[in-house]
DNA sequence: ATCAAACCATACAACAGTGTTGATTAGTTG
DNA sequence: CAACTAATCAACACTGTTGTATGGTTTGAT
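Chains as they are written, first to last, in the working numbering: chain A, 154 to 383; chain B, 154 to 383.
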């Protein structure tokens, strides 16, 4: 009854193609992403999402039992995209030698992704951290696992606490956009700020912030007795 | 002008001592903190806060015009406490030489604070980042300013981007508890995890994560041409 | 004793949000 | 094409929230 007519292909418009569950579900998810990106997790209401998806509220509840489920599903989608953006297609990932991993590229991909999806990225981050989904999130696993194996090579500094470092870099990358967003208007500026962050992470990774020779005591404490942790 | 009556400092009891606006306001704020710490920013309702403070809802609205005001006031309180915990009493802070600043102590204080107030700390962090309060927050200013001055001394590595580093360390410190909270039950464990984070930050600051001699190309890129930013 | 301010009780308007249900309707299958 | 199943919808019931208003009560101060 409503707007069945001329629906040319290239529109990512509201295509109320009646009866296509897959598509409907995807439309709802897409709308959820838009809402989340705009209003954040707490600004999301099922009503708003449904309306944006051109779908009845009840329909949304049929695809996602609860509001929280919808948010979880979105976070999972983000995790997928993030994995893909950083590590490529899961099928293609041959888990090749750690030595071959381009550390700098990995970090740059993360930062770019975070910069392009600031709100969604943060939502994913906290969704993963709250309610220990950390261990089951594909991206997080892969990142940490790579890092861990890397830490055992000759390329890495000794005595690193990889779990701390993973959290530090990931959290930093996904919160940096919140810092930067005030000054970044154009896409160009955003890329510049992303570049700036990437660069500093790289510099920090190579040289730290302190000249070790000026801090012999601290250096001894850190390089000395190692308190082992699982 | 304020604090006229016999108001001995050290009582933090729920004293329904009628007629003491100052104290009522403080009771409301304290309740707000409790609620925020438990249910997060979006879980806070004025009704709940008022009830917890043993105060009528209307009274709460008399002290804080709007719900958002109440949250802002709490974030400001957190900022104060954080400043105090890290830099000491603002009155006592003589802005002494940067060389005298104990970098490690500063970071440890922040991490401890974050670990003791995980939710409140995060709320402060985002309250500061969203809506560019970053430049007006006393703590953030002081931290960044110290860091900036430090970066110009001989103790620091060259070419650091202090703004990036400030965000990275602060964000990391305040999000680390979210990571750690799953495994930390006792206060002892929490302190241990805080220590673990502090230590790794220190190690990272001293040595980075990569052996620079293995990455001559990257090293060149980072130490080479410096792209200046305001 | 008087007075103003702080507090309480209560109500209300307006709205938003969640989940649920029972009826339609569109594809699909026999 | 009839029958069936599942997707979709409209509408309902309920709960909670914010902000405002009002009248009454207590308290501390002048």
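Quick reminder that beta carbons are idealized off the backbone N, C-alpha and C, glycines included.
Bear in mind that the values here come from a model prediction, so they are computed numbers and not experimental data.
Can you tell me which of the three DSSP states residue i falls into?
i: residue 226 of chain A; result: helix
i: residue 363 of chain A; result: strand
i: residue 238 of chain A; result: helix
i: residue 340 of chain A; result: helix
i: residue 309 of chain B; result: strand
i: residue 281 of chain B; result: helix
i: residue 296 of chain B; result: helix
i: residue 218 of chain A; result: coil
i: residue 197 of chain B; result: coil
i: residue 254 of chain A; result: coil
i: residue 260 of chain A; result: helix
i: residue 172 of chain A; result: coil
i: residue 374 of chain A; result: helix
i: residue 314 of chain A; result: coil
i: residue 290 of chain B; result: coil
i: residue 213 of chain B; result: helix
i: residue 208 of chain B; result: coil
i: residue 334 of chain B; result: coil
i: residue 177 of chain A; result: helix
i: residue 243 of chain A; result: coil
Between the options, which has its C-alpha nearest residue i's C-alpha?
i: residue 297 of chain A; options: A:219, A:362 and A:256; result: A:256
i: residue 304 of chain A; options: B:213, B:364 and B:174; result: B:364
i: residue 288 of chain A; options: A:214, A:313, A:320 and A:314; result: A:320
i: residue 318 of chain A; options: B:334, B:346, B:342 and B:350; result: B:350
i: residue 306 of chain B; options: A:182, A:279, A:367 and A:212; result: A:367
i: residue 329 of chain B; options: B:347, B:339 and B:312; result: B:347
i: residue 385 of chain A; options: B:244, B:308 and B:198; result: With chain A running from 154 to 383 in the structure shown, residue 385 of chain A is simply not present.
i: residue 217 of chain B; options: B:178, B:201, B:237 and B:233; result: B:178
i: residue 183 of chain A; options: A:206, A:193, A:341 and A:174; result: A:206
i: residue 357 of chain A; options: B:244, B:270, B:322 and B:337; result: B:322
i: residue 220 of chain B; options: B:234, B:245 and B:189; result: B:189
i: residue 175 of chain A; options: A:194, A:215 and A:210; result: A:215
i: residue 234 of chain B; options: B:202, B:203, B:253 and B:269; result: B:269
i: residue 241 of chain B; options: B:279, B:291 and B:193; result: B:291
i: residue 193 of chain B; options: A:245, A:373, A:210 and A:279; result: A:279
i: residue 225 of chain B; options: B:197, B:265, B:345 and B:254; result: B:197
Just mark residue i as buried or exposed, buried being the case when its beta carbon has 16 or more other beta carbons within 10 Å.
i: residue 299 of chain B; result: buried
i: residue 375 of chain B; result: buried
i: residue 353 of chain B; result: buried
i: residue 162 of chain B; result: Interpretation of residue 162 of chain B is limited by its pLDDT of 32, a score under 50 that renders its predicted location unreliable; the figure taken from the coordinates is listed afterwards. It is exposed - the Cβ of residue 162 of chain B has fewer than 16 other Cβ atoms within 10 Å.
i: residue 164 of chain A; result: Confidence in residue 164 of chain A is poor, its pLDDT being 32 and thus under 50, which makes the residue's placement unreliable; the coordinate value appears in the next sentence. By the 10 Å Cβ count, residue 164 of chain A comes out exposed.
i: residue 170 of chain A; result: For residue 170 of chain A, the predicted model reports a pLDDT of 46, less than 50, meaning its position is unreliable; a value from the coordinates is still stated below. Flag for residue 170 of chain A reads exposed.
i: residue 340 of chain B; result: exposed
i: residue 325 of chain B; result: buried
i: residue 311 of chain B; result: exposed
i: residue 124 of chain A; result: No answer is possible for residue 124 of chain A: it lies beyond the span of chain A, which begins at 154 and ends at 383.
i: residue 258 of chain A; result: exposed
i: residue 267 of chain B; result: buried
i: residue 166 of chain A; result: Interpretation of residue 166 of chain A is limited by its pLDDT of 34, a score under 50 that renders its predicted location unreliable; the figure taken from the coordinates is listed afterwards. When all chains shown are included, residue 166 of chain A counts as exposed.
i: residue 172 of chain A; result: exposed
i: residue 343 of chain B; result: buried
i: residue 203 of chain B; result: buried
i: residue 261 of chain B; result: buried
Just to confirm, is the Cβ distance from residue i to residue j under 8 Å?
i: residue 327 of chain B; j: residue 285 of chain B; result: no
i: residue 228 of chain B; j: residue 277 of chain B; result: yes
i: residue 301 of chain A; j: residue 281 of chain A; result: no
i: residue 239 of chain A; j: residue 263 of chain A; result: yes
i: residue 180 of chain B; j: residue 208 of chain B; result: yes
i: residue 384 of chain A; j: residue 313 of chain B; result: Because residue 384 of chain A is not part of the residues shown, which for chain A are 154 to 383, the question remains open.
i: residue 355 of chain A; j: residue 359 of chain B; result: no
i: residue 236 of chain A; j: residue 191 of chain A; result: no
i: residue 223 of chain B; j: residue 185 of chain B; result: yes
i: residue 333 of chain A; j: residue 283 of chain B; result: no
i: residue 195 of chain B; j: residue 187 of chain A; result: no
Below 7 Å, is the gap between the Cβ of residue i and the nearest heavy atom of the ligand NAP?
i: residue 208 of chain B; result: Inclusion of the ligand NAP in the displayed structure is not the case, the ligand content being empty and no account of it being possible.
Please list, in chain order, the residues of the stretch 193-223 of chain A that have any C-beta partner in chain B closer than 7 Å. Listed in sequence order: 195.
Could you please tell me which residues of the stretch 316-343 of chain B, in chain order, have their CB closer than 7 Å to any CB of chain A? Listed by position, the residues of the stretch 316-343 of chain B near chain A (Cβ gap below 7 Å) are 317, 318, 320, 321, 324, 325, 328, 329, 331, 332 and 335.
Cβ-based contacts, 9 Å cut-off: residues of the stretch 349-368 of chain A near chain B: Close to chain B, meaning a Cβ-Cβ distance shorter than 9 Å, are the following residues of the stretch 349-368 of chain A: 349, 350, 352, 353, 354, 355, 356, 357, 358, 359, 360, 361, 362, 363, 364, 365, 367 and 368.
Short of 7 Å Cβ to Cβ, which residues in the stretch 257-278 of chain A face chain B? Sequence-ordered contacts of the stretch 257-278 of chain A with chain B read 257 [C-beta pairs closer than 7 Å].
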